[in-house]
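Notes follow the structure.
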Amino acid sequence: MNYFGDVAALARKDLLLELRSRDTLPAMLLFVVSTLVVFHFALPSDSSDLAAGGLLWVAIVFTALLGLTRAFAAEREQRLLDGLTLAPCDRSAIWLAKVASVTAFLLVAEAVALPAFALFFAPVDATLVAAVLLADIGIAAVGTLLAAMAAASRARELLLPLLFLPLAIPVIVGGVGATVAEDAARYLGFLALYDLLFAILSWASFEYVVTE
Amino acid sequence: MTTAEKYVTAAYLVVLAVVLLYVVIYAFKLARLEREVSRLARLAAERRASGDKPTVEPAEPVRTAT
Amino acid sequence: MWLRNNRGVALASTAALLLLAGISLAFYWVPDDADQGFSQRIFYIHVPVALTAYACFGWGAWKALRLLWTREARYDLESYTAVHMGVIFGILTLVTGSIWARISWGVWWSWGERQLVLFLVLFLFYSAYFMLRYSTEPGPRRERMSAVYALFGVVLIPVSFLAIRLAEGFIHPTVFTREGPQMAGSMFFVFCVCLAGTLALAGALYANELLGKRVDASLRDLEEALA
Numbered sequence: 000m001n002y003f004g005d006v007a008a009l010a011r012k013d014l015l016l017e018l019r020s021r022d023t024l025p026a027m028l029l030f031v032v033s034t035l036v037v038f039h040f041a042l043p044s045d046s047s048d049l050a051a052g053g054l055l056w057v058a059i060v061f062t063a064l065l066g067l068t069r070a071f072a073a074e075r076e077q078r079l080l081d082g083l084t085l086a087p088c089d090r091s092a093i094w095l096a097k098v099a100s101v102t103a104f105l106l107v108a109e110a111v112a113l114p115a116f117a118l119f120f121a122p123v124d125a126t127l128v129a130a131v132l133l134a135d136i137g138i139a140a141v142g143t144l145l146a147a148m149a150a151a152s153r154a155r156e157l158l159l160p161l162l163f164l165p166l167a168i169p170v171i172v173g174g175v176g177a178t179v180a181e182d183a184a185r186y187l188g189f190l191a192l193y194d195l196l197f198a199i200l201s202w203a204s205f206e207y208v209v210t211e
Numbered sequence: 000m001t002t003a004e005k006y007v008t009a010a011y012l013v014v015l016a017v018v019l020l021y022v023v024i025y026a027f028k029l030a031r032l033e034r035e036v037s038r039l040a041r042l043a044a045e046r047r048a049s050g051d052k053p054t055v056e057p058a059e060p061v062r063t064a065t
Numbered sequence: 000m001w002l003r004n005n006r007g008v009a010l011a012s013t014a015a016l017l018l019l020a021g022i023s024l025a026f027y028w029v030p031d032d033a034d035q036g037f038s039q040r041i042f043y044i045h046v047p048v049a050l051t052a053y054a055c056f057g058w059g060a061w062k063a064l065r066l067l068w069t070r071e072a073r074y075d076l077e078s079y080t081a082v083h084m085g086v087i088f089g090i091l092t093l094v095t096g097s098i099w100a101r102i103s104w105g106v107w108w109s110w111g112e113r114q115l116v117l118f119l120v121l122f123l124f125y126s127a128y129f130m131l132r133y134s135t136e137p138g139p140r141r142e143r144m145s146a147v148y149a150l151f152g153v154v155l156i157p158v159s160f161l162a163i164r165l166a167e168g169f170i171h172p173t174v175f176t177r178e179g180p181q182m183a184g185s186m187f188f189v190f191c192v193c194l195a196g197t198l199a200l201a202g203a204l205y206a207n208e209l210l211g212k213r214v215d216a217s218l219r220d221l222e223e224a225l226a
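Chains as they are written, first to last, in numbering that gives the first Met the number 0: chain A, 0 to 211; chain B, 0 to 65; chain C, 0 to 226.
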């Protein structure tokens, strides 16, 4: 099997597992909608749509965090990761497959979150959708690597947000900029740059994180 | 002393204070290391007294005078 | 040979000499800045400390790269120690920067000050580095994970800097601008002396801390062998 065949097989395994057990996705959907409702009560009634736009990004990052803490749960509980790293496929294929499944979960969550945001707060335009798509790639790329690290530690769920949030600050800046600023193109470009840099770095370093 | 002078002096003193704090923390660490070394030394001495061969090889080969 | 065995001593004496000279020059010799007057003298400690922190993070990432490259375990302690020093100097940058903000603008914290915000982000990032190390079993895997994380740090520095600049576009317009290096010759000279001094100080602390961590590790090995 070639590289992308491995990736597709591994990603399909993740999606099938989720379809059967329904561990993660319903939680993410419920979480993102609850967060938006909480934000309605957190915002004073005379605050602008701009503030709501910023909070949407907080909701997206925290929902992603929720999905990422579960990303390696199945592997960890059944000690699958050791087996996977022994399989005759490139270790980075495991990363790429996991990024694909995490991105898929995020996309589903946002397919609910964006209409809900438009309903509750402010209209959603094409720029915002583009920013969300770009941000998903960066979040999934960095988050998957860090989730693999956190899964190997004792603190696990506790550790991931600490590792992830400082790295997510540029994503928030790019996303919020694209949502509220005049010249959104700069911020979209910045998000693309972030994706490129950290995707390459995570792809190259995943092997070092998972091997014993 | 003007306010600016006070603040500038304070900034330099903060650096000094943090370096000194580091020295204090290091002193604690050194004390802990010393305790552990003496404990291990005592353990090794007990081993030798009870006739066992020491399980730890000396780190450096003993030099013989030529 | 003596220098090699007593690197810490040599660095510490160099640091003491240079810092003493640099601070005396900064207080008594350099003329007042045309714009900011006396308070500009905080520059001679704040900026060298900040640059030293970057140097430490860079050094830690370099050692991390060497670890991934050669898989020699000794680079792990070296990388860890360098990051440790970087965090100490990062905290110093935050504190001195906060004092400078207080002198210049009368507030202890200003989100308009890029360098300061960047150091806050880095401080959070590298604090998580310690959490990662403390909550993972020692071994080759921890060494490699820490190395990967340290490498992420040096990529995050420019990316965050860019992000903070971009964020000013929508969070608030840049109100405060601090002039770039338009320094007189004498100012630049004192700055260089202070920079060399803080770098030597970081080197001395690094050498000391590394020795301590090595002794700690060997003691643990010894304990295992004796048990």
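Note that the Cβ used here is the ideal one computed from N, Cα and C, for glycine as well.
Quick caveat, the model's predicted, so the values are computed rather than measured.
>> By the DSSP assignment, the alpha helix (DSSP H) with V32(A) in it spans what residues?
In response: Residue numbering aside, residue 32(A) sits at position 33 when the first sequence is read from its first letter. Here the alpha helix (DSSP H) through V32(A) covers L24 to A41.
> With 16 as the cutoff for other CB atoms within 10 Å, does W58(C) come out buried or exposed?
Replying inline: Sequence index remark: in the third sequence, residue 58(C) carries index 59 (1-based). It is buried - the Cβ of W58(C) has at least 16 other Cβ atoms within 10 Å.
>> I'd like the span of the alpha helix (DSSP H) that includes S152(A), first residue to last.
In response: Stepping through the first sequence from its first residue, residue 152(A) is reached at position 153. Taken as a continuous stretch (DSSP letters only), S152(A) belongs to no alpha helix (DSSP H), as it is neither H nor E.
> List, in order along the chain, the chain B residues whose C-beta lies closer than 8 Å to that of N207(C)?
Replying inline: If you number the third sequence from 1, residue 207(C) lands on position 208. One finds Y25 in chain B with Cβ atoms closer than 8 Å to the Cβ of N207(C), taken in chain order.
>> Suppose you measure from the CA of Y193(A) to the CA of I199(A); what does that come to, to the nearest Å?
In response: Within the first sequence, numbered from 1, the residue matching residue 193(A) stands at position 194. Within the first sequence, numbered from 1, the residue matching residue 199(A) stands at position 200. One C-alpha to the other measures close to 10 Å.
> Is V123(A) helix, strand or coil when you go by DSSP?
Replying inline: As a position in the first sequence, residue 123(A) is number 124, starting the count at 1. V123(A) falls in the coil class under three-state DSSP.
> Between E17(A) and R69(A), what straight-line distance do the alpha-carbon atoms span, to the nearest angstrom?
Replying inline: Counted from its first residue, the first sequence places residue 17(A) at position 18. Counted from its first residue, the first sequence places residue 69(A) at position 70. Each residue's Cα considered, the two are about 11 Å apart.
>> Assuming I87(C) is part of the alpha helix (DSSP H), what are its boundary residues?
In response: Indexing the third sequence from 1 puts residue 87(C) at position 88. Counted as a single uninterrupted DSSP element, the alpha helix (DSSP H) harbouring I87(C) occupies residues R73 to W104.
> Do you know how far the Cα of L117(C) is from the Cα of L17(C)?
Replying inline: Here residue 17(C) refers to the residue found at position 18 of the third sequence. Here residue 117(C) refers to the residue found at position 118 of the third sequence. Taking the straight line from one Cα to the other gives about 28 Å.
> DSSP state of S46(A), grouped into three classes?
Replying inline: Taking the first sequence and counting its residues from 1, the one referred to as residue 46(A) is at position 47. The answer is coil: DSSP assigns S46(A) none of H, G, I, E or B.
> Apart from the five residues just before and just after A183(C), which ones in its own chain have a Cβ nearer than 6 Å to its Cβ?
Replying inline: Taking the first residue of the third sequence as 1, we reach residue 183(C) at position 184. Closer than 6 Å at the Cβ level, and outside the excluded window around A183(C), lies no residue.
>> Give me the subset of the stretch 111-128 of chain C whose CB atoms are less than 9 Å from a CB atom of chain B, sorted by chain position.
In response: Taking 9 Å as the Cβ-Cβ cut-off, the stretch 111-128 of chain C has no residue approaching chain B.
> Once you ignore the five residues that flank F30(A) on each side, which residues in its own chain have a CB closer than 7 Å to its CB?
Replying inline: Counting from one through the first sequence, the residue named residue 30(A) turns up at place 31. Result list for F30(A): T62 and L65, in chain order.
>> Can you list, in chain order, the residues of its chain with a C-beta nearer than 8 Å to that of Q114(C)? Leave out the 5 residues immediately preceding and following it.
In response: Here the question's residue 114(C) lines up with position 115 in the third sequence. A49, T92 and G96, listed in sequence order.
> Taking only beta-carbon atoms, is G7(C) less than 9 Å away from chain D?
Replying inline: Absent from the structure: chain D. Protein chains present are A, B and C.
> Taking C-alpha atoms, which residue in N207(C), W61(C) and M130(C) lies nearest to V153(C)?
Replying inline: Taking the third sequence and counting its residues from 1, one reaches residue 153(C) at position 154. Considering only alpha carbons, the answer is W61(C).
>> Restricting to Cα atoms, I'd like to know which of T135(C), A226(C), A224(C) and D215(C) is closest to R68(B).
In response: Given a span of 0 to 65 for chain B in the structure shown, any question on residue 68(B) remains unanswerable.
> R40(C) CB to nearest chain B CB: under 9 Å?
Replying inline: The residue labelled residue 40(C) in the question sits at position 41 within the third sequence. With 9 Å as the cut-off, R40(C) counts as an interface residue toward chain B.
> Is the CB of R47(B) under 9 Å away from at least one CB in chain C?
Replying inline: Counting from one through the second sequence, the residue named residue 47(B) turns up at place 48. Not an interface residue.
>> If we define contact as Cβ-Cβ less than 9 Å, is E17(A) a contact residue for chain C?
In response: Looking up residue 17(A) in the first sequence gives position 18. By the rule that beta-carbons nearer than 9 Å mark a contact, E17(A) does not touch chain C.
> Is it buried or exposed for N207(C), if we count other Cβ within 10 angstroms and need 16 for buried?
Replying inline: Here residue 207(C) corresponds to residue number 208 of the third sequence, with the count starting at 1. It is buried - the Cβ of N207(C) has at least 16 other Cβ atoms within 10 Å.
>> Among the candidates T210(A), F116(A), W202(A) and V208(A), whose CA atom is the shortest distance from the CA of A99(A)?
In response: Here residue 99(A) is taken as the residue at index 100 of the first sequence, counted from 1. The shortest C-alpha separation from A99(A) is found at W202(A).
>> Which same chain residues end up closer than 7 Å to L67(C) when comparing Cβ atoms and leaving out the 5 residues on each side of it in sequence?
In response: Along the third sequence, one-based indexing puts residue 67(C) at 68. R143 and A146, listed in sequence order.
> Applying a beta-carbon distance threshold of less than 8 Å, which residues of chain C neighbour I168(A)?
Replying inline: As a position in the first sequence, residue 168(A) is number 169, starting the count at 1. The CB of I168(A) comes closer than 8 Å to the CB of V120, S159 and A162 in chain C, given here in chain order.
> When DSSP labels each residue in this structure, what does E112(C) get in the three-state scheme?
Replying inline: For the purposes of this step, residue 112(C) is taken as the residue at position 113 of the third sequence. Here E112(C) sits in coil by DSSP.
> What's the gap between the Cα of H171(C) and the Cα of S109(C)?
Replying inline: For the purposes of this step, residue 171(C) is taken as residue 172 along the third sequence, with counting starting at 1. For the purposes of this step, residue 109(C) is taken as residue 110 along the third sequence, with counting starting at 1. Because the pLDDT at H171(C) is just 49, under 50, the model does not fix this residue reliably, and the point stays unresolved.
> Measuring CB to CB, does V7(B) end up less than 9 Å from I41(C)?
Replying inline: Counting from 1 along the second sequence, the entry for residue 7(B) is found at position 8. Counting from 1 along the third sequence, the entry for residue 41(C) is found at position 42. Yes; because the gap between Cβ atoms is below 9 Å, this pair is in contact.
> If you follow the alpha helix (DSSP H) that S12(C) is part of, which residue opens it and which one closes it?
Replying inline: Locating residue 12(C) in the third sequence gives position 13, counting from the first residue. First-last of the alpha helix (DSSP H) with S12(C): R6 to Y27.
> Cα-Cα, which of T178(A), V131(A), T126(A) and S91(A) is closest to A51(A)?
Replying inline: Here residue 51(A) refers to the residue found at position 52 when the first sequence is read from its first residue. It is T178(A).
> With distances taken from CA atoms, which of L24(A), L113(A) and G53(A) is nearest A125(A)?
Replying inline: Within the first sequence, the letter at position 126 stands for residue 125(A). Of L24(A), L113(A) and G53(A), the residue nearest in Cα terms is L113(A).
> CB-CB under 8 Å to T210(A), same chain, minus the five flanking residues each way: which ones, in chain order?
Replying inline: Taking the first residue of the first sequence as 1, we reach residue 210(A) at position 211. Closer than 8 Å at Cβ, skipping near neighbours: T84 and R90.
>> At the 9 Å Cβ level, is D236(C) part of the contact set with chain B, yes or no?
In response: Outside the shown range of chain C, which is 0 to 226, sits residue 236(C), and nothing can be said about it.
>> I'd like to know if A125(A) contacts chain C, where contact means its C-beta is closer than 9 Å to some C-beta of that chain.
In response: Here residue 125(A) refers to the residue found at position 126 of the first sequence. Not one chain C Cβ lies under 9 Å of A125(A).
> Taking DSSP as the reference, what is the three-state secondary structure of A9(B)?
Replying inline: Here residue 9(B) refers to the residue found at position 10 when the second sequence is read from its first residue. Helix at A9(B).
> E142(C) touches chain B at which residues, Cβ-Cβ below 9 Å?
Replying inline: Here residue 142(C) refers to the residue found at position 143 of the third sequence. Those do not exist, as E142(C) stays about 22 Å from chain B at its closest Cβ, beyond 9 Å.
> Between the C-alpha atoms of R41(B) and Y133(C), what's the straight-line distance to the nearest angstrom?
Replying inline: Locating residue 41(B) in the second sequence gives position 42, where the first residue counts as 1. Locating residue 133(C) in the third sequence gives position 134, where the first residue counts as 1. So the alpha carbons of these two residues sit roughly 30 Å apart.
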